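Numbering (our numbering), first residue to last: 61 to 392. Ideal Cβ placement from N, Cα and C applies to all residues, glycine included. Values in this document were obtained by computation on a predicted structure and should not be read as measured data. Accompanying notes for the structure given below.
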């Protein structure tokens, strides 16, 4: 691993992953594992910033780990771990809280969006300081690159600000992480509202495809997907539903969107929907088989997250000890 740049990323255990999670993040993580030293985390501490049923959280955590491996992450190459199993995340988060400003946290878009949906008396400090924990996640591993979508860019910016502020006061301590922007930046959008990102929190189940959905369910969801009345397959912002279908097809087949359009000249939306559904079914089939197998072998998953936590903790504690010394804590 020496000499390789480090990448850190993670997903919340909030239920089955969607096709958007897979194509927008997980598939890219798999592609990065040969080139970089990768730390991929299940961020269960972030998950409890909003109310969660403990039983569901435990179940979902196993499922996300199984999805990581089923999608192709190599447990010999990457460090897979559960965030709460590495106490350094919480310890560094507290220290960084003391170098973060109320004003900058209150301006975070996600906090403002999420707090609007809650009773103001029920908004937790955890939700407010969520970006500081995310900064700790990233900075603990001296991360060089963080794969980010547009919705996470603000979190990476505050991470960089906090790290730079600490470095300016105490000397070089943290690597200042850069965003890793994939050359393929197409977002996977809702099948029912193609102006919005695909999300399993959507009340309409036809708006998203879960990576665990059965083939017939996948076909039905694509058949019902929203397009438009133009009737011609074009890759255009004026036709967001069709564009989304082309993006999904393109991400899976590695055929450029322009070529997909050419292949569907003179063909209607029904054929496009049917073909997209089939490539999705075929892409997910081996993942689903591996996923089901892994969930029946929890001993194996527990071994993976135990080994991963040990590796992550060894790296994280080097940074934490350095930080503690710099702020004036007496070593244990």
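CA-CA distance, residue 190 and residue 109?
Answer to the nearest angstrom: the Cα atoms are 7 Å apart.
Buried or exposed (CB count within 10 angstroms, at least 16 for buried), residue 272
Only buried fits residue 272, as 16 or more other CB atoms lie within 10 angstroms of its CB.
Assigned exposure category for residue 161 - 16 Cβ within 10 Å defines buried
exposed
Whole-angstrom distance between residue 365 and residue 131, CA atom to CA atom:
16 Å
Within the stretch 110–174, note down every full beta strand (DSSP E) run reaching 3 residues or more, in order along the chain.
139–142
Determine whether the beta carbon atoms of residue 156 and residue 196 lie at a separation below 7 Å.
yes
How would you write the range of the beta strand (DSSP E) that residue 205 sits in, first residue to last?
205–207
Are there three or more Cβ pairs, one per stretch, closer than 8 Å when the stretch 104–124 is compared with the stretch 334–342?
no
Paired residues, beta bridge with residue 78 - DSSP
270
Alpha-carbon to alpha-carbon, residue 117 and residue 328
43 Å
N-terminal and C-terminal residue of the beta strand (DSSP E) that residue 71 is part of
66–71
If we count the other Cβ atoms within 10 Å of its Cβ and call it buried at 16 or more, is residue 154 buried or exposed?
Looking at its Cβ environment, which holds fewer than 16 other Cβ atoms inside 10 Å, residue 154 is exposed.
Less than 6 Å between C-beta atoms, sequence neighbours within five positions excluded: which residues of the same chain meet that for residue 208?
Shown here for residue 208: same chain residues with a beta carbon closer than 6 Å to its own, the five before and five after excluded, namely 216, 239 in chain order.
Go to residue 108, then tell me how far its beta strand (DSSP E) extends in each direction, as first and last residue.
Neither: residue 108 is in no beta strand (DSSP E) and is coded neither H nor E.
Can residue 151 and residue 380 be called in contact, C-beta distance under 7 Å?
Closer than 7 Å, so yes.
Just to confirm before moving on: does the CB-CB distance between residue 138 and residue 101 stay below 7 Å?
no
How many angstroms separate the CA atom of residue 355 from the CA atom of residue 120?
11 Å
Rounded to whole angstroms, what is the Cα-Cα separation between residue 241 and residue 93?
15 Å
How do the stretch 250–260 and the stretch 220–234 stand: do at least 3 beta-carbon pairs fall below 8 Å, yes or no?
no
CA-to-CA distance, residue 288 to residue 266, given in whole angstroms:
17 Å
Measuring only the C-alpha atoms, how far is residue 350 from residue 392?
44 Å
Closest residue to residue 87 among 134, 321, 103 (Cα-Cα distance):
134
Below 7 Å between beta carbons: does that hold for residue 396 and residue 293?
Nothing in the structure corresponds to residue 396, since the chain is present only between 61 and 392.
Host beta strand (DSSP E) of residue 102 (start-end):
97–102
Inspect the beta-carbon positions of residue 103 and residue 376 and report whether they are closer than 7 Å.
no
Counting along the chain, where does the beta strand (DSSP E) carrying residue 346 start and finish?
Residue 346 -> not in any beta strand (DSSP E); alpha helix (DSSP H) instead, spanning 329–355.
When the distance is taken between beta carbons, is residue 203 closer than 7 Å to residue 66?
Taking 7 Å as the Cβ cut-off, residue 66 and residue 203 qualify as a contacting pair.
Please state the DSSP three-state secondary structure of residue 238.
strand
For residue 263, is the classification buried or exposed, using 16 other Cβ atoms within 10 angstroms of its Cβ as the cut-off for buried?
exposed
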